[in-house]
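Below is one structure, written out as structure tokens; the observations come after it.
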Amino acid sequence: MILISEQDYMNLAFEMAEKGKYQTWTNPLVGAVIVKNNVVLAKGYHHQFGAAHAEIDALQHLDDLKQARGATMYVSLEPCSHFGKTPPCAKKLAEVGIKAVVVGQKDPNPLVAGRGLQILRDAGIEIKVLNQTGGLNVKYNFFYQHQRPYVNVKYAMTLDGKINQQANQRSIITGKEAYQDSQQLRAEYQAILVGENTLKVDHPQLTVRQIAVYQQPWRMVLIRDVDQLKVEDYAFFKTADPILLLTSSVTRRQWPNNVEVISDRWTPNKILTLLAKRGIQSVLVEGGSQIHAEFLASGLVDEINVYLAPRIYGATGLPAIFNPTQLPYQSNAYQLVEKMELGPDMKFRLRRV
Ligand code: AOF
Ligand code: ZN
1 MILISEQDYM NLAFEMAEKG KYQTWTNPLV GAVIVKNNVV LAKGYHHQFG
51 AAHAEIDALQ HLDDLKQARG ATMYVSLEPC SHFGKTPPCA KKLAEVGIKA
101 VVVGQKDPNP LVAGRGLQIL RDAGIEIKVL NQTGGLNVKY NFFYQHQRPY
151 VNVKYAMTLD GKINQQANQR SIITGKEAYQ DSQQLRAEYQ AILVGENTLK
201 VDHPQLTVRQ IAVYQQPWRM VLIRDVDQLK VEDYAFFKTA DPILLLTSSV
251 TRRQWPNNVE VISDRWTPNK ILTLLAKRGI QSVLVEGGSQ IHAEFLASGL
301 VDEINVYLAP RIYGATGLPA IFNPTQLPYQ SNAYQLVEKM ELGPDMKFRL
351 RRV
């Protein structure tokens, strides 16, 4: 295919950015393409958290850095202006003689937020901002716009709305296709939250096992009396990835290095404030029904993912959203954005309108 338009080059930058998926942790996915006389000279992307930014990766793919002189760079995100884990990209672009920069979207990170564009402008580089995200970095953008993590409430239920065959018994509701999908979903979040009952009944590990992620999501449990927990009974505590126990009690125990215990009177809002302070941009709330009800009632849910299985559990089953009387009427609050068939099951993805 011959690439000719600005949009084609930007789409190529978006495509490059995607290659970093699951690897950039809290950094955005970014892609960059260097073009001169309608020829793509080099492509690059942000490979991994802490690694070179996309612009630098693209420059490194030129046969000779001198080729950058007079070239145009198409980059999906505003070049950075700060010294972070790497030096500022905007300065580097000026230094190597890039003539024009076409940017997908401005960087909402307050460390950059227009300063990168200013550096380019001051260096006499032509700039154009397309105001396109390419569908990338939804949670990154949300986090900086709202100063809190993006919240997804996820659960699997039967046709009669049950998440469990019997209270206090683990039930496998959905099939392997849905399992795989939910693994991918976990890989897209930086934190996973469950309640005490879910931990005790389901014994989940809350890790991503099917996809190689740069870092496992933080595993969080809301738990009343944290010192009563028999840690040795849970596979959950056997891996060294970060665990955050949010409790209303006070702990007198010595915990392993990867486990942090924080005491407070936790509400959804307080949990999100804590995560925001730690720079966590997204959280997947995996249940159970009590936590789901509390989050939905708090109005802090941005997305709902439901897996629907063709089974009926009947009267002994636990209803998906416990205590629905607390819930305000939400019929128009969420809109279907995706519907998928997963083997015998269905998945519905709804976003806040
Ligand atoms: C870019 N290109 O490819 C990325 C950018 O800690 P650092 O140095 O890696 O900086 C991370 C911040 O830099 C990130 O939050 C965002 O503002 C910007 N990321 N910028 O120009 C890239 N990954
Ligand atoms: Zn940069």
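Read left to right, the sequence shown gives residues 1 to 353 (the UniProt record's numbering).
Backbone N, C-alpha and C define an ideal beta-carbon position, used for all residues, glycine too.
Just so it is clear, the structure is predicted and the values come from calculations on it, not from any experiment.
What is the chain-ordered set of residues for which the beta carbon lies under 5 Å from any non-hydrogen atom of the ligand ZN? His53, Cys80, Cys89
* So lysine 43 is in the beta strand (DSSP E); what residue range does that whole segment cover? -> 39-45
**Prompt:** What separation, rounded to the nearest whole angstrom, lies between the Cα atoms of glutamine 60 and glutamine 281?
**Reply:** Taking the straight line joining both Cα atoms gives about 30 Å.
- Query: For chain B, is any of its Cβ atoms less than 9 Å away from the one on isoleucine 127?
  - Reply: Looking for chain B here will not work: only one protein chain is present.
* To do: Return the bridge partner residues of aspartate 345 from the DSSP annotation.
  => Note: aspartate 345 sits in a beta bridge opposite Leu342.
Rounded to the nearest angstrom, how far is the Cβ of leucine 284 from that of lysine 154, given a contact under 8 Å? 6 Å
Task: Range covered by the alpha helix (DSSP H) that runs through glycine 182 - done: Checking the sequence, you will find serine at residue 182 rather than glycine. Segment 176-187, the alpha helix (DSSP H) holding serine 182.
> In this structure, what does DSSP give as the bridge partners for tryptophan 218?
Replying inline: Ala191
Uninterrupted beta strand (DSSP E) stretches inside the UniProt domain "CMP/dCMP-type deaminase" (4-119) (no shorter than 3 residues) = 31-36, 39-45, 72-77, 100-105
inquiry  = Can you tell me whether serine 289 is helix, strand or coil according to DSSP?
reply    = In this structure, serine 289 counts as helix in the three-state DSSP scheme.
query: Rounded to a whole number of angstroms, what is the C-alpha to C-alpha distance between proline 87 and valine 75?
result: 17 Å
* Asked: Between the C-alpha atoms of serine 337 and arginine 349, what's the straight-line distance to the nearest angstrom?
  -> Correcting the residue identity first, residue 337 is valine in this sequence and not serine. Going from the Cα of valine 337 to the Cα of arginine 349 covers about 6 Å.
**Asked** I think residue 354 touches alanine 123, with their Cβ atoms under 8 Å apart; what is that distance to the nearest whole Å?
**Response** In the structure displayed, the chain extends from 1 to 353; residue 354 sits before or after that span and is not available.
Practice item. Given a cut-off of 9 Å, decide if tyrosine 214 and glutamine 48 are closer than it, judged by their beta-carbon atoms. Key: yes
Which listed residue (Phe143, Val112, Lys36) has its alpha carbon closest to that of isoleucine 4:
Lys36
| said: For the pair the region 130-144 and the region 162-172, tell me if three or more CB-CB distances fall below 8 Å. | reply: no
Taking C-beta to C-beta, are threonine 247 and isoleucine 262 nearer than 9 Å? yes
**Report entry** heavy atom of the ligand AOF below 8 Å from glutamate 55 C-beta
**Finding:** yes
Hey, is proline 149 close to the ligand AOF, as in C-beta under 8 Å from one of its heavy atoms? Checking the Cβ of proline 149 against the ligand AOF gives no.
With distances taken Cα to Cα, identify the nearest neighbour of glycine 44 among Val33, Thr316, Arg311, Met73.
Val33
Practice prompt. Verify the contact flag: asparagine 109, CB atom, against every heavy atom of the ligand AOF, threshold strictly below 8 Å.
Written response: yes
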